[in-house]
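Structure record follows, encoded as structure tokens.
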Amino acid sequence: MVTDQALADSHIHLFAHGFVGPEGRSPAGGDELSEYEKLRQRVGIDTALVVGYEGEAAYEGNNAYLERMAGRHSWIKPLAYLHHSATHSEAQEWLDAGFYGVSVYAVEENDAESLADLIRKVGPVLAERRAVMSLNAAPAVYPALRAALEDQPGLHALMSHFGLPAKGAGSEHEAIQGLRDLGAMQENANVVVKASGFYAFSGLLDADEALAMVLENFGAERIVWGSDYPVVLSSESFDQTIRYVSELSEGVRRAILGDNLRAILARVERP
14 MVTDQALADS HIHLFAHGFV GPEGRSPAGG DELSEYEKLR QRVGIDTALV VGYEGEAAYE
74 GNNAYLERMA GRHSWIKPLA YLHHSATHSE AQEWLDAGFY GVSVYAVEEN DAESLADLIR
134 KVGPVLAERR AVMSLNAAPA VYPALRAALE DQPGLHALMS HFGLPAKGAG SEHEAIQGLR
194 DLGAMQENAN VVVKASGFYA FSGLLDADEA LAMVLENFGA ERIVWGSDYP VVLSSESFDQ
254 TIRYVSELSE GVRRAILGDN LRAILARVER P
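Taking our numbering, the leading residue of the sequence shown gets 14, the next gets one more, and so forth.
This is how it looks when you write it as structure tokens:
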């Protein structure tokens, strides 16, 4: 799929030895960086927010790898993975190294307290630099997350994969409630939603309806498109990740597919 605008991808991963998908190897079908370069050239992506992940032993050292790759490719805008035990100084060191922010994972209810503590520790330096925090956070941690973000009003939070509304949901009703709970965060002007990871809730929710709900709650100016490369390739094609947004009206499409993310990144104070 080729669009008539330059795209900005808000959620990709790059691993030195590849993501281990259901197939036992990376679904990219080759070196992930090289394969993304092909996709980038084909569909016209000029910017990619690369989400660091070191939550499993196989991916240890991902931050250092992304730092090296960002030094070689100007389109790579890296986010450093933070464990919940990370400190203020650790976050500051990654920002000083050129990262555009950090990535944090918290999807289970027992993650809530440590997530809130982490935000209290690193939120001030992120806000000072106007850097971003990419959050893979599910409805189970929303109450703690909302309270923590309210205490850090300058922190720019990007909610990955529509806030994972199907995580822990046993029915369509529960998944819809997850989207409604996400919508309650609209009161915080610094919360932005990534239109990514459609496959993660496709068994319970219609992707177009989910996107419509988020548009109604947050408006086009607070949504950014993300492919979730290469993880998504185990479930659907790369072009499909764009299709959901590309069928919206021109102004909305341009904002979500590129303009919004580039504006966010342009505000980050670089070293």
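C-beta: ideal position from N, C-alpha, C; glycine also. Please read these numbers as outputs of a predicted model, since none were measured by experiment.
Boundaries (first-last residue) of the beta strand (DSSP E) holding residue i
i       : result
Tyr-118 : 114-119
DSSP three-state assignment for residue i, whether helix, strand or coil
i       : result
Ala-88  : Residue 88 is actually Trp in this sequence, not Ala. Looking at Trp-88 - three-state DSSP - the assignment turns out to be coil, as it is neither helix nor strand.
Ala-202 : coil
Thr-254 : helix
Tyr-94  : strand
Ala-268 : helix
Nearest residue (CA-CA) to residue i, options the options
i       : options                               : result
Pro-91  : His-186, Asn-75, Val-138 and Glu-187  : Asn-75
Phe-231 : Glu-200, Glu-260 and Pro-243          : Glu-200
Ala-202 : His-186, Lys-180, Met-172 and Ala-182 : Met-172
Gly-68  : His-26, Arg-85 and Glu-50             : His-26
Ser-247 : Ala-29, Phe-28 and Ser-39             : Ser-39
Cβ pair residue i, residue j closer than 9 Å
i       : j       : result
Ser-209 : Gly-167 : no
Gln-190 : Pro-156 : no
Val-120 : Met-146 : no
Leu-20  : Ile-255 : yes
Asp-22  : Thr-60  : yes
Ala-93  : Phe-112 : yes
His-101 : Val-138 : yes
Phe-32  : Glu-45  : yes
Tyr-242 : Phe-211 : no
Leu-131 : Ser-98  : yes
Lys-207 : His-24  : yes
Asp-194 : Val-56  : no
Arg-81  : Val-281 : no
Opening and closing residue of the alpha helix (DSSP H) in which residue i lies
i       : result
Asp-22  : First-last for Asp-22: 20-25, but that is the beta strand (DSSP E), not the alpha helix (DSSP H).
Asn-149 : Counting along the chain, Asn-149 falls outside any alpha helix (DSSP H), though it belongs to the beta strand (DSSP E) covering 145-150.
Ala-170 : Per DSSP, Ala-170 belongs to no alpha helix (DSSP H); it is in the beta strand (DSSP E), 169-172.
Leu-158 : 155-164
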